[in-house]
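Data block below; observations after.
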Amino acid sequence: MAGGRAATPRLQERAGGGVRPAPSSGQAGVQQCGLLPAAGPVHPVPAATGVRGHLGSATGQAELPQAHAVPGPHRAHRRQGGGGKAPPCPAIRLQGATARPLLACPAIVDPGAGLADNNDWPPRRSGLSPPAEARQRELAHVYQKTVLPNGLRVISAHLPHAYSVAVSVYVAAGSRYERDEEAGISHFVEHLCFKGTEAHPTARHIAEVVDTIGGHINGGTDRELTVFYAKAAHSHFRLVLDLLLELVSTPRFDPEEVEKERQVVLEELAAVEDSPPQLVDLLVDSILWPGQPLGRDVAGSKETVSAISREQALAYLQRQYVPNNMVVAVAGPVQHQEVADAVWQKAGRWPAGEPAPWRPAQNGRGPRLALRYKETEQAHLALAAHALPLQHPDRYVLSLLSIVLGEGMSSRLFLELRERRGLVYDVHSYVNQFMDTGSLAVYAGTDPERAPLVVRLVLEELARLRADGVGEEGLLRARALAK
0 MAGGRAATPR LQERAGGGVR PAPSSGQAGV QQCGLLPAAG PVHPVPAATG VRGHLGSATG
60 QAELPQAHAV PGPHRAHRRQ GGGGKAPPCP AIRLQGATAR PLLACPAIVD PGAGLADNND
120 WPPRRSGLSP PAEARQRELA HVYQKTVLPN GLRVISAHLP HAYSVAVSVY VAAGSRYERD
180 EEAGISHFVE HLCFKGTEAH PTARHIAEVV DTIGGHINGG TDRELTVFYA KAAHSHFRLV
240 LDLLLELVST PRFDPEEVEK ERQVVLEELA AVEDSPPQLV DLLVDSILWP GQPLGRDVAG
300 SKETVSAISR EQALAYLQRQ YVPNNMVVAV AGPVQHQEVA DAVWQKAGRW PAGEPAPWRP
360 AQNGRGPRLA LRYKETEQAH LALAAHALPL QHPDRYVLSL LSIVLGEGMS SRLFLELRER
420 RGLVYDVHSY VNQFMDTGSL AVYAGTDPER APLVVRLVLE ELARLRADGV GEEGLLRARA
480 LAK
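0 is the number of the first residue of the sequence shown in numbering that gives the first Met the number 0; add one for each residue after it.
Written out as structure tokens, the structure is:
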């Protein structure tokens, strides 16, 4: 959010909780799941803690490159689930505790068991399926794209019947582009961009401009991108576009505001400690991707945020906030040529730069279980597996699989754990996808005494899904929910 940590691709938050004694290894549902490797050591995890170059006001005109259609995403053929019985595996053992338990028990499902593995990447398929080609042709009539000479990409969707216009500026800046010692700088810079620009020197000026036209402006930082976005009546298109481009190109980074906003971010990090779902989210990521940006809070830590100087923030902005590292997207009753002309007039003479690349992920192969204790009423737990990256041809198949498993009131996990057994209030699955990796995870919150049973039942549902696949009726429901 303008100043907040938002715009994550995650479907829902998840959390972790303390656990009670585990079920015995004789429980058939766990023994036959075939989804867990041999038990690794229990790994205690420490407390988890929690987006300016110069643009200029180009007034000259120049000939723009011709707009061309943007290829849309294609839907891959559905891959059949594995058949037959899964091989046996040891039961997961959850360490007991006599004190009131805290938080999380994320367990990593073995990707070698068939849920997902990045060894298939790059994909083996060639070409698009007929439905994908049809979808691509359909999208070509909706989206258009222009690349300015400085590398700034401009994409628009003409919606002639809309009354409002939405404008977003995406920057390839996030925790995956950070050095370890500057963890959280992407998020901090995003905050600072809203504190004033050369044309609108304070946060109040920016807010008043937007409020006067009845608009909305916000921003968010994630692992792979930072986004600044606004929505207003279409008659104010140029105003909100120019304002967003000013935020990313001419922020002031006033020294006094830098220090005040640092305290805001530190309070945000502290607030995470009071949110078990967010804590278990961080906990499971720390096992999936240990010791690297994907495995830590996007906002950094108290130590790193406290140490980031104004000069470091400016250097990061000048490094990552360059036009060839950005996308401007507009949707509304505005023609593409008008959008491209407007962006060119504001940003056409902004020089390109040399942004830092993102850091490749190394999928964790270490401890499979992490526990953290906290005084909470529920045990919050997450089970996760490494899954498909963002551009994998089966990414939509994975999304449908997650819907069948744990999204919606007719999902298998919801029906079994909540409706039939009354063990949980919230249980759901979700998918995270990044450029070179991803995850499929299940979250549940339950009474600490019931946590081992909930884990066993989740594993049984995963095993059943793998063995039996998805029926036609379930697939139709998943497709309807995904639309």
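Cβ atoms here follow ideal geometry from the backbone N, Cα and C, with glycine treated the same way.
Check, Outcome
"Inter-stretch contact at 8 Å, needing at least 3 Cβ pairs: the stretch 190–202 / the stretch 324–344", "no"
"Own chain, CB closer than 6 Å to Val403, minus 5 neighbours either side, in chain order", "Val469, Gly473, Ala477"
"Where Tyr228 falls: helix, strand or coil (DSSP)", "strand"
"Close-in-space but distant-in-sequence residues of the same chain around Asp467 (CB under 6 Å, 5 per side omitted)", "none"
"Per DSSP, cross-strand counterpart(s) of Ser167", "Tyr228, Ala328"
"Environment of Gln319 [buried if 16+ CB atoms lie within 10 Å]", "buried"
"Beta carbon proximity, Gly437 to chain D, threshold 8 Å", "This model lacks chain D altogether, as it is built from one protein chain only."
"Coil, strand or helix - Asn323 by DSSP", "helix"
"DSSP beta-bridge partners of Ser155", "Gln143, Val329"
"Gln432 in three-state terms, based on DSSP", "strand"
"Reference Val188, options Val457, Glu459, Glu260, closest by Cα", "Glu260"
"When Asp179, Leu464, Pro366 are compared against Val283, the one with the closest alpha-carbon", "Pro366"
"Reference Val329; option with closest CA among Asp280, Ile212, Val153", "Val153"
"Helix, strand or coil at Ala206 [DSSP, three-state]", "helix"
"Anticipated Cβ contact below 8 Å, Leu422 with Thr436, distance rounded", "Their Cβ separation, rounded to whole angstroms, is 31 Å, which puts Leu422 and Thr436 out of contact at 8 Å."
"Cβ-based burial, Gly214 [other Cβ within 10 Å; buried from 16]", "buried"
"Same chain, Cβ closer than 8 Å to Leu158, five either side skipped, listed in chain order", "Ala330, Gly331, Pro332"
"Cross-strand partners of Asp425 (DSSP beta bridge)", "Gly444"
"Neighbourhood of Pro254 by C-beta distance below 8 Å, restricted to the same chain and skipping five residues each side", "Arg309"
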